[in-house]
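*Asks:*
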Amino acid sequence: MTHLFSVLVLLLKIHTIKSCAGISLKTQELYAIVFATRYLDIFTNYISLYNTIMKLIFLGSSFSIVWYMRRHKVVRRSYDKEQDTFRHYFLMLPCLILALVINEKFTLKEVMWTFSLYLEAVAILPQLVLLQRTRNIDNLTGQYVFLLGAYRAFYILNWIYRYFTEVHFVHWITWISGLVQTLLYADFFYYYFRRIEKWGAPYFSVNSSGNISIRPKGLNATSTDQKEIDLFNVVKKVSANKSSGGLGLQLRLIIRLPDVLKHRLESLQSAFESSITACNYRSHYQDGIVEATQIYCELVRLGACMQFLDVGGGLGIDYDGSKSKNSDFSIGYDLQEYASTIVQVIQQVCDSKSVKHPVICSESGRAIVSHHSILIFEAISSSASDSDSPGLNPEGLDHLIEGLTENARLDYSNLSAAATKDDQNTCLLHANKLKQNCLDQFKKGSINIEQLAIMDELYDMVLKATGAYEEALGGSHNLLGNPSVVQVTSESSEAEGFAVTIAMPGQSCRDVLRTMQYDPDVMFEELKQRIKGFDRLQVNGITDGMLQSVLEDISSNMPYLMKGSSYCSLV
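Residue numbers for the sequence shown, in mature numbering (1 follows the signal peptide of the UniProt record, and there is no 0): -19 to -1, 1 to 552.
#1: DSSP beta-bridge partners for Leu290?
#2: On the DSSP bridge assignment, give the partners of Ser186 in chain order.
#3: So, does the region 207 to 222 touch the region 189 to 198, judging by three or more C-beta pairs under 8 Å?
#4: Looking at C-alpha atoms only, which residue of Met497, His152, Phe39 and Leu532 is the closest neighbour of Lys513?
#5: Please report whether the beta-carbon of Val271 lies at a distance below 8 Å from any beta-carbon of chain C.
#6: Taking the C-alpha atoms as reference points, what is the distance between Asn32 and Tyr314?
#7: Buried or exposed for Asp392, please, with buried defined as at least 16 other CB atoms from any protein chain shown within 10 angstroms of its CB.
#8: Out of Leu111, Tyr166 and Leu79, which has the shortest C-alpha to C-alpha gap to Ile154?
#9: Would Glu452 be called buried (16 or more neighbouring beta carbons within 10 Å of its own) or exposed?
#10: Quick check: Ser42 and Leu(-9), are their CB atoms within less than 8 Å of each other?
#11: On the DSSP letters alone, give me the boundaries of the alpha helix (DSSP H) that Gly284 sits inside.
#12: Taking contact to mean 3 or more Cβ pairs, one atom from each stretch, closer than 8 Å, check whether the region 318 to 332 and the region 242 to 261 are in contact.
#13: Which residue from Gln275, Tyr49 and Ser97 puts its Cα closest to that of Ser427?
#14: Okay, do the region 137 to 144 and the region 74 to 91 touch, 3+ Cβ pairs below 8 Å being the bar?
#15: Restricting to Cα atoms, I'd like to know which of Glu272, Asp61 and Pro107 is closest to Phe71.
#16: Does DSSP classify Asp534 as helix, strand or coil?
#17: Let me know the secondary structure DSSP gives Asp211 once reduced to three states.
#18: Looking at C-beta atoms only, is the number of pairs between the region 97 to 111 and the region 8 to 16 that lie closer than 8 Å three or more?
#19: By Cβ distance, which residues of its chain are closer than 6 Å to His69, with the 5 residues on each side in sequence left out?
#20: For the putative contact between Thr163 and Ile137, defined by C-beta atoms under 8 Å, what is the C-beta separation to the nearest angstrom?
#21: Tell me whether Ala296 sits in a helix, a strand or coil according to DSSP, three-state version.
#22: Anyone know if the C-beta pair for His244 and Lys198 falls short of 8 Å?
#23: Which class does Leu336 belong to by DSSP, given the choice of helix, strand or coil?
#24: Kindly indicate which three-state DSSP category Asn429 falls into: helix, strand or coil?
#25: Please say whether Val215 and Ile235 have beta carbons closer to each other than 8 Å?
#26: Check this for me: beta carbons of Gln288 and Pro239, under 8 Å apart or not?
#27: Given a threshold of 16 other Cβ atoms within 10 Å of its Cβ, counted over all protein chains shown, does Arg347 qualify as buried or as exposed?
#28: Whose CA, out of Gln250, Phe39, Phe135 and Leu410, lies closest to the CA of Tyr54?
#29: Helix, strand or coil: how does DSSP classify Cys1 here?
#30: Once the 5 residues before and after Val15 are set aside, which same chain residues still bring their CB inside 7 Å of it?
#31: Please state whether DSSP places Glu507 in a helix, a strand or coil.
#32: Output the distance between the C-alpha atoms of Val336 and Leu228, rounded to the nearest integer angstrom.
#33: Assuming Cys408 and Leu396 are in contact, meaning their beta carbons sit under 8 Å apart, how far apart are those beta carbons, in whole angstroms?
#34: Can you tell me whether His152 is helix, strand or coil according to DSSP?
#35: Classify Trp156 as buried or exposed, calling it buried when 16 or more other Cβ atoms lie within 10 Å of its own Cβ.
#36: Can you tell me which of the three DSSP states Ile23 falls into?
Right, here's the structure in full:
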């Protein structure tokens, strides 16, 4: 039953999330062959209704998975064909020859049954090789292989029980093939737990006590430079009663590590400085930065006085320690490679456009602070939800495609066809392809920024129509706070045909600061004192009263998203 459950879980998840990422098609094809050859007697030897139904479910679910991965128009796009290259047919011939030579009875059904046992023992090999190559074990893959391993473990327990309770219970073919299969699963679990051990590199690891430990200066620093922190001891200390020397705090608990933050920031700065020196970059401060630099050069071409280029927060985070570019939880580069790529790309693009090198700014806040705090909490339950997306109306979109390349027009035609069929998943796929096509053209300089803006408008409409950003655009944000909310009802008695029945203003700067547990009065007073220290205030005739009024306006307004005012005249 555990084996059947693993197959059904895999099929259900592929059907639900429309993705087979991390799953080996070669392994699934081998399992389909295993069940097809094992159950040749399904229509000739009737044992029981239960037995027949189980065989049909095994066959149907196995071939359904293969169909999804090969033929489903959405799922097949997530299949990693370049990594799943194990030559699985090399496993089939030796297993067939072995079944012809070593079997309990030389008949077609018995030989095929024996062949299925031999093939099942090694069918997991392509999946294990794929995991080793991608170095990524997501929940789908991990749960699937775990259930297969559990099935094999229960089988071994069953063999042991029957050996001691049944007379002459000896099946060497089944035992040996099962042992081989168990050893292969053991390899997966060894690799899986090694991956867990590498979580949070380079600041977190698992110590000899089996607890998470923290090294604020990284795992490569010597023991004399830092002292390892046992996270379990920290939790015990702060959660213990005050009478026993603790703080008496309850979970949930956030533990902040400023030393890790300091080390991360210094490492990023050092990486950029060494890259600038190595490249002979003529100013102080892979793919994405090419686009940003092309935009920078285009703005210079259009007459903008540009001096700074903010490379944003593109620095990724190696969450699982695998250092894999194919993982959703890792990156295939380090800080030095990241900084060197940015500096070199900006230099090359600017030189090709005869544009002066800009001052490079980085705001990789997430990568810098990613390891400096930990949330400790008690897991109570989990739930998942799914909602239908609204249909996409393709009418009125044709004008957006004017001026784009021939390939982009073809992508748009495919998008329009999918929109007409109300196929939202395919719409999003074609929209992504269209966007990437146009971005590639822009990076090469074959289309300008005005043409790129046309594509962005279309892509934004597709995303909103397919339900990708409603919750994100309307949710609370630690920088923007809660948005303003109004409720509009249809009202025939009103001249406009509607009425606003509820209006709730968004959070002000002060509200957002208080939400994040800062004191806005202290912060704005400190800001006022610092601004008063600038000589330009006296030159421009800015009085304390004017400064106080402006700061009060800023603090009471919503952050960022407000109309421009005369605030900038102060600086």
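Cβ atoms here follow ideal geometry from the backbone N, Cα and C, with glycine treated the same way.
*Replies:* Taking the definition as stated:
#1: For the purposes of this step, residue 290 is identified with residue 309 of the sequence shown, where counting begins at 1. Paired residue(s): Ile341.
#2: If you number the sequence shown from 1, residue 186 lands on position 205. In the DSSP secondary-structure assignment, Ser186 is bridged to Ser194.
#3: yes
#4: As a first step, residue 513 must be located in the sequence shown, where it is residue number 532. Closest by alpha carbon: Leu532.
#5: The structure shown has no chain C; it contains just one protein chain.
#6: Taking the sequence shown and counting its residues from 1, the one referred to as residue 32 is at position 51. Taking the sequence shown and counting its residues from 1, the one referred to as residue 314 is at position 333. When rounded, the distance between both Cα atoms is 52 Å.
#7: One-based indexing of the sequence shown puts residue 392 at position 411. So Asp392 counts as buried.
#8: Counted from its first residue, the sequence shown places residue 154 at position 173. For Ile154, the closest alpha carbon among the candidates Leu111, Tyr166 and Leu79 is that of Leu79.
#9: As a working note, residue 452 is residue 471 in the sequence shown. At Glu452 the pLDDT is 37, less than 50, meaning the model places this residue with poor confidence; the figure from the coordinates comes in the next sentence. Exposed, because fewer than 16 other Cβ atoms sit within 10 Å of the Cβ of Glu452.
#10: As a position in the sequence shown, residue 42 is number 61, starting the count at 1. As a position in the sequence shown, residue -9 is number 11, starting the count at 1. For Ser42 and Leu(-9), yes; Cβs fall inside 8 Å.
#11: Against the sequence shown, residue 284 aligns to sequence position 303. Counting along the chain, Gly284 falls outside any alpha helix (DSSP H), and DSSP gives it neither H nor E.
#12: The region 318 to 332, when compared against the region 242 to 261, does touch it at the 8 Å Cβ threshold.
#13: As a first step, residue 427 must be located in the sequence shown, where it is residue number 446. For the residues Gln275, Tyr49 and Ser97, the minimum Cα distance to Ser427 belongs to Gln275.
#14: no
#15: Residue mapping note: residue 71 aligns to position 90 of the sequence shown, counting from 1. Of the candidates Glu272, Asp61 and Pro107, the residue whose Cα lies closest to the Cα of Phe71 is Pro107.
#16: In the sequence shown, residue 534 corresponds to position 553, counting from 1. Here Asp534 sits in helix by DSSP.
#17: By 1-based counting over the sequence shown, the position of residue 211 is 230. Three-state DSSP puts Asp211 in a strand.
#18: Taking 8 Å as the limit for Cβ pairs, the verdict is that the region 8 to 16 does touch the region 97 to 111.
#19: Along the sequence shown, one-based indexing puts residue 69 at 88. Once the five neighbours on either side are set aside, the close Cβ partners of His69 are Lys7, Leu11 and Pro107.
#20: Residue mapping note: residue 163 aligns to position 182 of the sequence shown, counting from 1. Residue mapping note: residue 137 aligns to position 156 of the sequence shown, counting from 1. At roughly 7 Å, the Cβ-Cβ gap stays under 8 Å, so Thr163 and Ile137 are in contact.
#21: Here residue 296 corresponds to residue number 315 of the sequence shown, with the count starting at 1. Inspection of the sequence shows that residue 296 is occupied by Leu rather than by Ala. Here Leu296 sits in coil by DSSP.
#22: Position 263 of the sequence shown holds residue 244. Position 217 of the sequence shown holds residue 198. Yes, the Cβ-Cβ distance between His244 and Lys198 is below 8 Å.
#23: Here residue 336 refers to the residue found at position 355 of the sequence shown. Sequence check: residue 336 is Val here, not Leu. Under the three-state reduction of DSSP output, Val336 falls in the coil class, being neither helix nor strand.
#24: Looking up residue 429 in the sequence shown gives position 448. In the structure shown, Asn429 adopts coil according to DSSP, grouped into three states.
#25: Position 254 of the sequence shown, counted from the first residue, corresponds to residue 235. Position 234 of the sequence shown, counted from the first residue, corresponds to residue 215. Going by C-beta atoms, Ile235 is not nearer than 8 Å to Val215.
#26: By 1-based counting over the sequence shown, the position of residue 288 is 307. By 1-based counting over the sequence shown, the position of residue 239 is 258. Contact: no.
#27: Numbered from its first residue, the sequence shown carries residue 347 at position 366. Counting Cβ neighbours within 10 Å, Arg347 comes out exposed, since fewer than 16 surround it.
#28: The residue labelled residue 54 in the question sits at position 73 within the sequence shown. Here residue 54 turns out to be Lys, not Tyr, going by the sequence shown. Selected option, being the one with the closest Cα: Leu410.
#29: As a working note, residue 1 is residue 20 in the sequence shown. It is coil, neither helix nor strand.
#30: Counting from 1 along the sequence shown, the entry for residue 15 is found at position 34. Taken in chain order, the residues that qualify are Ser97, Leu100, Glu101 and Ala104.
#31: Start at 1 with the first residue of the sequence shown, and residue 507 comes out as number 526. Looking at Glu507 - three-state DSSP - the assignment turns out to be helix.
#32: Translated into positions along the sequence shown, residue 336 becomes position 355. Translated into positions along the sequence shown, residue 228 becomes position 247. Going from the Cα of Val336 to the Cα of Leu228 covers about 58 Å.
#33: Locating residue 408 in the sequence shown gives position 427, where the first residue counts as 1. Locating residue 396 in the sequence shown gives position 415, where the first residue counts as 1. With a Cβ gap of about 6 Å, Cys408 and Leu396 count as contacting.
#34: Working through the sequence shown from its first residue, we reach residue 152 at position 171. Coil.
#35: Residue mapping note: residue 156 aligns to position 175 of the sequence shown, counting from 1. By the neighbour-count rule (16 or more Cβ atoms within 10 Å), Trp156 is not buried but exposed.
#36: Walking along the sequence shown from the start, residue 23 turns up at place 42. Ile23: coil per DSSP, three-state reduction.
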